[in-house]
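Chemist:
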Amino acid sequence: MSTLHVLSHSPFSDTRLASCLRILGTGDALLLCGDAVYALQPNSNMCKLLQENLAAQSLFILEEDLVARNLECPQWATAVDYPGFVQLSIQYDKVNTWL
Numbered sequence: 222m223s224t225l226h227v228l229s230h231s232p233f234s235d236t237r238l239a240s241c242l243r244i245l246g247t248g249d250a251l252l253l254c255g256d257a258v259y260a261l262q263p264n265s266n267m268c269k270l271l272q273e274n275l276a277a278q279s280l281f282i283l284e285e286d287l288v289a290r291n292l293e294c295p296q297w298a299t300a301v302d303y304p305g306f307v308q309l310s311i312q313y314d315k316v317n318t319w320l
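Residue numbers for the sequence shown follow my numbering, beginning at 222 and rising by one.
1) I think asparagine 317 touches histidine 226, with their Cβ atoms under 8 Å apart; what is that distance to the nearest whole Å?
2) Going by DSSP, what residues sit across from valine 288 in a beta bridge?
3) Please work out which residues of its chain come closer than 8 Å, Cβ to Cβ, to leucine 292, disregarding the five sequence neighbours upstream and downstream, and give them in chain order.
4) Mind checking who lysine 315 pairs with in its DSSP beta bridge?
5) Consult DSSP for leucine 245 and reduce its assignment to one of helix, strand or coil.
6) Using alpha carbons as the reference points, say which of Val288, Thr236, Leu309 and Leu253 lies closest to leucine 275.
7) Per DSSP, which one or two residues make a beta bridge with threonine 299?
8) Would the beta-carbon of leucine 242 fall within 8 Å of that of leucine 287?
9) Whole angstroms are fine: how far does the CA of leucine 320 sit from the CA of glycine 255?
10) Can you tell me the Cβ-Cβ gap for methionine 267 and proline 295, rounded? I've got them flagged as a contact below 8 Å.
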């Protein structure tokens, strides 16, 4: 059963991102939104960790949050808008929001 994991908290303030990466299954995906997009700061350890760990999984980034934080979507990830977020929620069997 595939799961879309949704993270919105900064990866620099707690361990949610690291915990999420440990449990991602083969068919799972990760959507970063809100302050979680700070994980994509170029040359950061978090960015490298995401790139290394999501080679077989899918990483999606809420485009509005990238723009708000003046960050760019890396080539190995996919930016989505709100309708795309809804489509992902339908596409996966479950949605797990890391509150």
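Glycine included, each C-beta is placed from N, C-alpha and C at the ideal position. Predicted model, so just to flag it, every value in this text is computed and none were measured.
Modeler: So, from the data block:
1) 5 Å
2) None, per the DSSP bridge assignment.
3) Val258, Tyr259, Leu261 and Gln262
4) Thr224
5) coil
6) Leu253
7) Phe281
8) no
9) 12 Å
10) Contact doesn't hold; Cβ gap of about 12 Å is too wide.
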